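What follows is a single structure, written as structure tokens, with notes after it.
Chains as they are written, first to last, in our numbering: chain X, 111 to 568; chain H, 27 to 377.
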């Protein structure tokens with residue numbers, strides 16, 4: 111609010127300066143503008159204005175609302191990354207431009223960490239691009255590699271930006287849902303799978319790429335090696351690219367393993383793998399991500415980068431580099447943040463699942479990530495009084511925020527129209543929250559659920 | 027103007043929720059990760075034309091191409107018939123500019139203060155451009171990242187403040203240039219809500235947020251500067267004063283070496299006419315390149331001094347007219363400038 115007022119004051123000051131000049135500036139900041147009548151939006155953004163985050167985050171920003179909606183941590187990041195940022199900002203040259211495709215110390219650190227994980231040399235200059243968040247990597251990949259008229263296969267439920275990004279590149283999203291195993295009540299994200307025949311039928315001569323997200327947001331599925339091999343076989347057969355969004359790669363719970371599709375035979379040369387400092391170090395506001403892949407693909411993402419953002423912020427990159435180097439040395443040890451965060455979150459996951467189960471709801475326990483879907487069907491909440499043609503889960507979440515002061519995210523935001531019916535009884539909760547806030551949320555939630563159940567009976 | 031509060035992603039420090047007690051917001055300041063991304067978002071449909079005033083910051087051209095548009099170039103030219111001593115002596119021909127406008131022209135891109143020339147457009151020059159924008163219903167993308175860096179009393183004028191221009195202009199600013207922190211990559215676009223709303227859609231489908239901490243720090247910088255505006259403690263006064271001296275110093279060193287600097291009215295850069303200096307560019311490997319590119323390579327190799335050839339900032343159709351200039355940056359530590367001075371002094375003594 112303060113900064114908004116400041117901006118207004120500056121503009122009013124300009125208006126003052128204008129009036130004191132000999133030029134007639136009466137039209138400045140007028141409420142009766144001359145419209146630039148023929149200037150409407152470019153075709154590439156047609157129909158892309160809606161955004162679930164823009165729709166829900168300001169509503170949930172009310173501090174009286176318990177917000178388990180948007181996925182950002184309220185647990186503190188490791189102190190050493192914050193200290194590294196402060197230190198970097200105190201060095202003058204680290205406040206100036208750095209290398210466009212990635213700060214040297216960061217790409218070197220990424221090369222070390224991922225070289226170990228991939229089991230191959232990763233060239234820091236040619237096979238890595240640092241971007242503004244995972245978003246920036248997705249954007250560079252789409253703009254750099256996907257053309258008008260291409261088709262891009264997207265697995266539902268999908269992180270919501272994939273579809274508008276594909277459309278903005280002039281391409282057609284082809285959707286395929288993960289489906290729960292038939293006849294079985296699903297208790298785990300592992301119970302949701304891709305039908306191989308259904309997937310195979312989605313590939314055509316126009317298919318440019320398939321986007322996968324593992325661990326998956328919002329479902330929490332961690333694709334198994336066999337499942338990835340099935341996808342890889344299709345990519346190789348049809349010579350398509352694979353964009354693998356692996357921002358939650360470190361957040362995998364006991365009994366499951368994160369597998370990189372780029373490590374499967376024939377896949378390195380056709381895969382862009384996306385990672386995120388925000389998710390790795392619980393610093394989503396740092397907005398640094400990276401794409402890793404073969405030079406002949408990464409170079410096109412680099413072209414997009416040099417003609418859009420050009421570079422990412424230097425001190426932030428330096429701090430992430432320090433964080434990566436520190437944890438590289440600890441890899442495999444319990445105090446490595448890459449594994450200790452997952453341990454911490456597993457406890458929170460289990461507690462949230464228990465509360466929801468005790469309340470008679472059906473959580474889908476995630477194998478990875480920091481989100482959990484929960485089926486709200488048992489609450490039998492009548493929303494017929496709410497007008498509009500939105501799906502049930504949108505109405506449910508809006509109603510829940512308003513009436514119960516509890517925020518979640520509707521899951522149909524993550525699917526296409528044809529799959530809405532399959533998903534509209536699910537809402538998404540985020541559990542990367544401090545123990546205090548989760549305790550409060552649980553107790554609030556539990557009381558509300560109990561009240562709902564009582565109200566349902568009467 | 028809608029009274030519905032625009033919503034904002036949580037990481038933006040500028041809470042756009044609800045107009046303040048001053049009424050609905052008149053502007054939608056949109057924090058952007060660096061100037062380049064906001065320019066990209068303004069590029070238009072296929073076959074649209076975008077007029078770019080030369081010399082231009084090099085990314086304008088590829089950004090227009092990436093948007094499927096065509097760049098149409100109009101050069102600033104040194105005034106005829108007089109000694110060209112200042113960037114103010116380089117002017118746009120109104121006739122030439124008008125002749126480049128077609129039914130497909132969507133926008134004109136201007137940069138004031140200009141990189142590399144340092145020109146600070148006068149109000150009558152901007153009025154000429156504004157008149158054409160209004161007459162032909164064009165948009166104007168005004169890159170004003172160096173807005174706080176003007177010298178010798180040159181006044182920075184915002185074309186958006188001229189009559190009829192607010193609704194058709196996107197003005198771009200930069201924290202990196204404002205606070206000498208280019209590595210922070212925070213910039214902004216200011217315009218009417220009708221135009222900003224389209225840029226927001228690109229923003230939410232490309233990077234979505236900018237770094238929170240960097241924005242927070244920049245906002246604190248502006249809070250401080252707002253209080254000190256117009257006073258000697260203002261960084262917006264102190265920085266140009268400091269750079270003014272560096273600018274003078276570099277110019278006099280260049281003159282003593284027989285070069286002819288064009289004194290910039292604003293910005294970080296100074297271009298220098300190298301046509302009067304006779305050097306033997308005896309390098310077969312650069313034979314096919316333009317004169318200024320060859321000269322720059324020779325200067326690095328023979329004198330250990332790095333500069334940028336100015337024809338790089340011109341379109342292919344005009345670059346040959348402007349291949350006798352090189353660009354220096356004077357926003358450097360004194361030790362760097364002193365080293366340059368030493369090189370130039372030795373050079374002038376030999377000739």
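Virtual Cβ for every residue (Gly too), placed ideally from N, Cα, C.
Note that the structure is a prediction, hence the values are computed from the model and not measured.
Below 7 angstroms on C-beta distance, what does residue i contact in chain H?
i, result
"residue 410 of chain X", "Result: empty, since nearest Cβ-Cβ is about 12 angstroms, beyond 7 angstroms."
"residue 161 of chain X", "230"
"residue 178 of chain X", "Here the premise fails: no neighbours, minimum Cβ distance about 14 angstroms."
At least one CB of chain X closer than 8 angstroms to the CB of residue i: is that the case?
i, result
"residue 235 of chain H", "yes"
"residue 231 of chain H", "yes"
"residue 207 of chain H", "yes"
"residue 228 of chain H", "yes"
"residue 361 of chain H", "no"
"residue 70 of chain H", "Reliability of the predicted coordinates at residue 70 of chain H is poor, the pLDDT of 47 falling under 50, and the value obtained from them is presented with this limitation in mind. Yes - at least one Cβ of chain X is within 8 angstroms of the one on residue 70 of chain H."
"residue 182 of chain H", "no"
"residue 344 of chain H", "no"
"residue 266 of chain H", "no"
Can you find the residues in the same chain that come closer than 8 angstroms, C-beta to C-beta, to residue i, ignoring five residues on each side of it along the sequence?
i, result
"residue 318 of chain X", "255, 256, 257, 260, 261, 262, 281, 350, 351"
"residue 269 of chain H", "175, 177, 294, 356, 357"
Which partner residues does residue i have in the DSSP bridge list?
i, result
"residue 261 of chain X", "X/282, X/317"
"residue 480 of chain X", "Note: residue 480 of chain X sits in no beta bridge, so no partner."
"residue 540 of chain X", "X/481"
"residue 176 of chain H", "H/292"
"residue 239 of chain X", "X/401"
"residue 352 of chain X", "X/320, X/381"
"residue 303 of chain X", "X/289"
"residue 354 of chain H", "H/296"
"residue 166 of chain H", "H/134, H/195"
"residue 286 of chain H", "H/299"
"residue 177 of chain X", "X/517"
Counting contacts by CB-CB distance shorter than 8 angstroms, is residue i in contact with chain H?
i, result
"residue 205 of chain X", "yes"
"residue 504 of chain X", "no"
"residue 172 of chain X", "no"
"residue 245 of chain X", "yes"
"residue 235 of chain X", "no"
"residue 321 of chain X", "no"
"residue 137 of chain X", "Low confidence applies here, because residue 137 of chain X scores a pLDDT of 38, under 50, leaving its location unreliable; read the following figure in that light. Residue 137 of chain X counts as touching chain H."
"residue 239 of chain X", "no"
"residue 455 of chain X", "no"
"residue 472 of chain X", "no"
"residue 551 of chain X", "no"
"residue 255 of chain X", "no"
"residue 487 of chain X", "no"
"residue 158 of chain X", "yes"
"residue 324 of chain X", "no"
Please confirm whether residue i has its beta-carbon closer than 8 angstroms to some beta-carbon of chain A.
i, result
"residue 211 of chain H", "You won't find chain A in this structure, because its protein chains are X and H."
Spatial neighbours of residue i within its chain, please: CB distance less than 6 angstroms, with the 5 preceding and 5 following residues excluded, ordered by chain position.
i, result
"residue 431 of chain X", "215, 216, 219"
"residue 355 of chain X", "323, 384"
"residue 167 of chain X", "180"
"residue 533 of chain X", "521, 522, 525"
Which bits of chain X does residue i rub up against, with CB to CB less than 7 angstroms?
i, result
"residue 238 of chain H", "395"
"residue 92 of chain H", "417"
"residue 162 of chain H", "Within chain X, no residue comes near residue 162 of chain H; the closest Cβ sits about 10 angstroms away, beyond 7 angstroms."
So with CB distances below 9 angstroms, who are the chain H contacts of residue i?
i, result
"residue 524 of chain X", "By Cβ distance, chain H contributes nothing, its closest Cβ being about 15 angstroms from residue 524 of chain X, past 9 angstroms."
Could you name the residues of chain H that residue i contacts, counting a contact when the two beta carbons are closer than 8 angstroms?
i, result
"residue 249 of chain X", "231, 232, 233"
"residue 155 of chain X", "224, 227, 228, 231"
Considering only residues of the same chain and omitting the five flanking positions on each side of residue i, which have a CB-CB separation below 7 angstroms?
i, result
"residue 218 of chain H", "192, 193"
"residue 414 of chain X", "250, 253, 254"
"residue 153 of chain H", "188"
"residue 590 of chain X", "Here chain X covers residues 111 to 568 and nothing more, so residue 590 of chain X does not appear."
"residue 504 of chain X", "520, 522"
By the criterion of Cβ-Cβ separation under 9 angstroms, what are the contact partners of residue i in chain X?
i, result
"residue 270 of chain H", "In chain order: nothing, as chain X lies at least about 21 angstroms away."
*Listed from N- to C-terminal order along the chain, which residues in the segment 397 to 408 of chain X have their beta-carbon within a distance smaller than 9 angstroms of any beta-carbon of chain H?*
397, 398
*Quick one: which residues of the segment 73 to 89 of chain H get their C-beta closer than 7 angstroms to a C-beta of chain X? List them in chain order.*
85, 88, 89
*Anything in the segment 271 to 282 of chain X with a Cβ closer than 8 angstroms to a Cβ of chain H? List those residues in chain order, please.*
271, 274, 275, 278
*According to a CB-to-CB cut-off of less than 7 angstroms, which residues of the segment 421 to 441 of chain X neighbour chain H?*
421, 422, 423, 424, 425, 426
*Got a sec: which bits of the segment 213 to 225 of chain X sit with their beta carbon under 7 angstroms from any beta carbon on chain H, in order along the chain?*
none
*Which residues, in order along the segment 359 to 391 of chain X, keep a beta-carbon less than 8 angstroms from a beta-carbon of chain H?*
none
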